[in-house]
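What follows is a short report on a single structure.
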Amino acid sequence: MSPDTAKQVTLAFARELDAEQVRDGFMESFIQHASPEEIRATQAALQAFLRAVHKDVVEGERFTVRWLPGGRLISMYQGEVVSEIPNPTFARVCWSVWFGDASIVDREQLIALRVLQPNVSVDSGPVDAAR
3 MSPDTAKQVT LAFARELDAE QVRDGFMESF IQHASPEEIR ATQAALQAFL RAVHKDVVEG
63 ERFTVRWLPG GRLISMYQGE VVSEIPNPTF ARVCWSVWFG DASIVDREQL IALRVLQPNV
123 SVDSGPVDAA R
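Numbering of the sequence shown is given in this note's numbering, commencing with residue 3 and proceeding in unit increments.
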């Protein structure tokens with residue numbers, strides 16, 4: 003996937019989780035996908051991203067991560083922008099959680115789902131909604 007192409011992934015929560023569980027799960031996944039150098043280079047960005055997760059979630063709620071050209075990452079919770087992080091290294095590592103070689107999900111199945119269901123609704127709004 004080209005870093006110069008806008009893309010997004012939307013997570014639909016299948017169960018209730020408290021905010022700490024969501025933050026811990028993401029931080030653990032991020033650290034597993036980042037080198038020590040990347041962790042050092044993205045510490046402030048990671049903390050900003052984690053601060054955006056400040057509410058418990060319930061089944062069916064959505065969290066969207068948009069990658070915009072230049073490595074700008076926009077996070078949205080229930081369609082509302084909760085963070086904007088202009089750090090290409092953070093964006094690349096974050097994206098690798100879902101689409102990297104050691105993805106936490108079956109990335110081919112994830113991509114195929116979107117290709118097979120192109121009319122599936124995702125959070126609305128233009129790709130550059132946070133500009």
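Each residue gets a CB set at the ideal place from its N, CA and C atoms; glycine is no exception.
Check	Outcome
For V84, the nearest candidate out of G72, A50 and A93 (CA to CA)	A50
Cα-Cα separation, G72 to S37	21 Å
Spatially closest choice to D58 from H35, E39 and R25, by CA coordinates	R25
Inter-residue spacing [alpha-carbon to alpha-carbon] between A54 and Q45	15 Å
Collapsed DSSP secondary structure at P38 in the structure displayed	helix
Endpoints, the beta strand (DSSP E) within which Q80 is located	Note, Q80: premise wrong, no beta strand (DSSP E); not H, not E.
Continuous alpha helix (DSSP H) stretch holding R53: start and end	Q45 to R53
Backbone secondary structure at P71 - three-state DSSP	coil
Spatial distance of A16 from S31 (CA atoms)	18 Å
For Q10, the residue or residues it bridges with in DSSP	R68
Sequence-distant residues of the same chain with beta carbon closer than 6 Å to S77, five excluded per side	A54, V67, V84 and S85
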